[in-house]
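Quick notes on the structure that follows.
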Ligand code: 6R9
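Residue numbers (the numbering used here): 388 to 1027.
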C-alpha cells in the first residue's frame, strides 16, 4: 500500500500542476530548444471559445531522433531494437538500434527525394514488416505526417483516407500472408490510387516493398514512373539524413477512426506531448527497462501499434518483438513458442485473442516455457473475468500482474490502467487513472457524479497526448468530443465507479460497435449495405459475441419486389467487405420487411438490439412506434 500512497501524492501533483509535472518528466528527452515557462495552454470549454490544447510551447524536438539517435549516441546502437517474427515459423530477423537508424535515414532520404516536405501527409498501407514502423519513423524524422491505414481495409477505405489527407506518396507492399492465406495488397492499393485519380486527387509516387514470401515481383502489378521498388530504391540512399527539428505542436500523425456518424475522422496527434506521454505510460504501465523483451501483438494500423509498438518502447530503448502473423498459425501455441524462444518479459494483447485461444485448451500454453513473462497487458475492449483469470493463471502462471489499459485513438495513450504492483487489480476493471488524467462520471445532463456512480465517462482536463483536432474539420472535433458535455472531453464510453474508486468500462454509449477490439461505426456499415442496389434500408446494431466481444447484426429491408435469398446475403456481406474491409463484414443479416420507427421516422435501435439478443420480452415502452406490428414480424423472421 505504500506504493499506492506515493501514487496518490504524485497523482495529486499531476492534476494540480500538470505543466510542472510533465515538464520535469520531459527533461529526459532531447529537445533542440526548450519550452517557454508558461508552456501549457488550453481551452477545454466550447462556451469559452475554440477548443485548443498546447504542450511544451516554444520547444522544438524530433520524435524519431528521440527513438533512435538518442540511444545510438549514448553508445547503445548495438542493442537489439526489433525481433521480427514472420507469419511462417522460422522466418525471423533482428535489427539493432544502430541498424534501425540507418534504415530510417535511407527511407527518410528517399521520401525527401520524392518531394515530401515538412507537414506533408504520407499514406502507409503495409503488413507488419519492420518496414512499417521504420516508415513511420522516417516520416517523423523529416516532419512529414504519417497516416497509416490498416492492411485489412478495402481499396475504397484507403482511397477515402488518402483523399482526405491529400497524400501524394503511398508506401505499400506487394502482398501479405495472413495465416495460410496470401493477400495481394498492391492490387488493392492500385485500385485505391485509381479511385483517388477519379476523385481528382493524384497520388504521385508509390513505393512498393516486395514481400516475396506472399507475392513476388513477377505477380505484383507495377506502373513504371509512378511505382518504385522499395528494396532497390531505398538501399541506394545514404544512411545519414539530417533531422528536421519541429515545434512541439507540429503534427506527427493522422489516424482515421470510426465515430457514430458519417465518415471516419482523421484524429490528429502532435509531437511533444504525444512523445512524453507514450514514453511515460510505456515505462510505468509496462514497467519497461532496458534489457526487457516486450511484445505487443497489435498491428501498426491501429493506435496501439502507434503508441505501444512504434513509439513508446523505442523511446524506452527496449527490445521488442514485431509479429507479422496470427496467434493460431500454424498452431494455437504460436504466441507461447515466441515467448519461449525470445524470453519475452511483457506481453500486450486484446481480449478477443485471449478468448479465441482459451477455446483450444490449456495444453498449447503449458507445452511452452513462459516463465520469462513478468507482466501481461490487455487493450481494446472490456476483458471479461473468465478471460482475465485464464490469462492470469494459465498464461501468467498466477504471478504476472495484468494491466487492463483503457484508452482510445483520441487519447493517444493509456488513461485508466493498473500500475503493476501499486494496487490490487480487480478482474474486469481498468482500475485507476494514470498521472495527469482526471476522469469524471457524468449523468445524462452533464453533472459530475461523486463516489460510487454509473454514467458516461468524460475527462475534465487535457493530458499531453490529447487529440488536437479532427483533420480538416475542427468544427467536427468540437461538436463530437466537446459538444455533448461542455467543459469535458466526452469519451463515448459508459462506466461505473465502485466504492474503491475503481473504474469499470461498460462499453460504448454511442453507435459504435467494438468487434475484436476494432471500432466500427454502425453508420458506415449501413451505408455500405445501402450501396447494394437490392438494399432499400439497413440498420446495424451490435450483439454479444463469445469471441469477438461484439458481433455485427444487420437488419436489411429489400427493394420492393425482391425476394430474400442466400445469394443476396452473400452479396450484401461482400458489399461491406469492399466498402470497408473484411473485418467489418456483418455476422448476421436479418431480413426486415420494415424497421421499428418512431412516428418522426427515427429507428429505435434499442428494439433492434433486444431482438438481436433474443430479449424481446424486455423491449420496454414501444408505444411511440409508428407500427408496433413490425416487432412481431421481425421476431418471426429471426434466423431466416
Ligand atoms: C486503444 C483502443 C477505443 C474504445 C474505447 C472503449 C474500448 C479500449 C478498453 C476498452 C474497456 C479497455 N476500449 N480499451 N474498453 N476496457 N481496457 O482500443 O483504441 O480503437 O480507438 O478504441 O475501445 O470502448 O472507447 P480505439
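Cβ coordinates follow ideal geometry from the N, Cα and C atoms, glycine included.
Where residue 879 is concerned, the enclosing beta strand (DSSP E) starts and stops at 876 to 884.
Bounds of the beta strand (DSSP E) holding residue 592 are 592 to 596. If you draw a 10 Å sphere on the C-beta of residue 534, you find 16 or more other C-beta atoms in it, and that means buried.
Here residue 877 is not near residue 889, since their CB atoms are 7 Å or more apart.
Cβ-Cβ distances below 8 Å link residue 772 to 814, 815 in the same chain, with the five nearest sequence neighbours on each side left out; the list follows chain order. Residue 577 is positioned such that its CB atom lies no closer than 7 Å to that of residue 595. Its Cα nearest to that of residue 767, the residue 907 stands out among 410, 712, 728, 907. Fully contained in the stretch 662 to 690 are the following beta strand (DSSP E) runs of length 3 or more, in chain order: 680 to 683.
Taking the Cβ of residue 907 as the reference point, every heavy atom of the ligand 6R9 lies at 6 Å or farther away. One thing to note: residue 430 has its Cβ no nearer than 7 Å to the Cβ of residue 630. In terms of CA proximity to residue 965, 542 leads the group 393, 514, 542, 515. In the displayed model, residue 838 falls within coil according to three-state DSSP, outside both helix and strand.
It is roughly 7 Å from the alpha-carbon of residue 694 to the alpha-carbon of residue 799. A Cβ-Cβ contact shorter than 7 Å links residue 682 with residue 708. In the DSSP secondary-structure assignment, residue 479 is bridged to 472. As computed with DSSP, residue 761 is found in no beta bridge at all. When the alpha-carbon of residue 698 is set against those of 521, 498, 920, the nearest one is in 521.
In the structure shown, residue 768 falls within a coil segment according to DSSP collapsed to helix, strand and coil. Following the DSSP letters along the chain, one finds residue 922 in no alpha helix (DSSP H) but inside the beta strand (DSSP E) bounded by residues 922 to 932. Residue 504 counts as exposed, since fewer than 16 other C-beta atoms from the protein chains shown sit within 10 angstroms of its C-beta. For residue 895, the beta-bridge partners assigned by DSSP are 880. Of 407, 446, 904, the smallest CA-CA separation from residue 645 is found for 904.
Within the same chain, and ignoring the five residues on either side of residue 825 in sequence, the residues whose Cβ sits closer than 6 Å to its Cβ are 402, 847, 848.
For residue 867, the three-state secondary structure derived from DSSP is helix. Close CB contacts of residue 467 within its chain, under the 7 Å cut and outside five residues either way in sequence, are with 481, 483, 706 (chain order). Assignment of alpha helix (DSSP H) within the stretch 682 to 759, counting only whole runs of 4 or more residues, yields 699 to 702, 721 to 729, 738 to 745, 750 to 753 in chain order.
With three or more CB-CB distances shorter than 8 Å, the stretch 525 to 534 counts as touching the stretch 488 to 499. In the structure shown, residue 417 falls within a coil segment according to DSSP collapsed to helix, strand and coil.
Selection 747, 624, 887 evaluated against residue 720 yields 747 as nearest (Cα-Cα). In the same chain as residue 922, and ignoring 5 residues on each side of it, the C-beta atoms closer than 6 Å to its own belong to 916, 943, in chain order. Taking all protein chains in view, the Cβ of residue 561 is crowded by 16 or more other Cβ atoms within 10 Å, so the residue is classified as buried. The beta carbon of residue 712 sits closer than 6 Å to those of 474, all from its chain and outside the five residues before and after it, given in chain order. Bridge partners of residue 791 according to DSSP: 765.
DSSP links residue 654 through a beta bridge to 642, 857. Contact annotation: the stretch 990 to 999 does not touch the stretch 565 to 575, with fewer than three C-beta pairs closer than 8 Å. 926 is the residue among 643, 844, 926 whose C-alpha sits nearest the C-alpha of residue 988.
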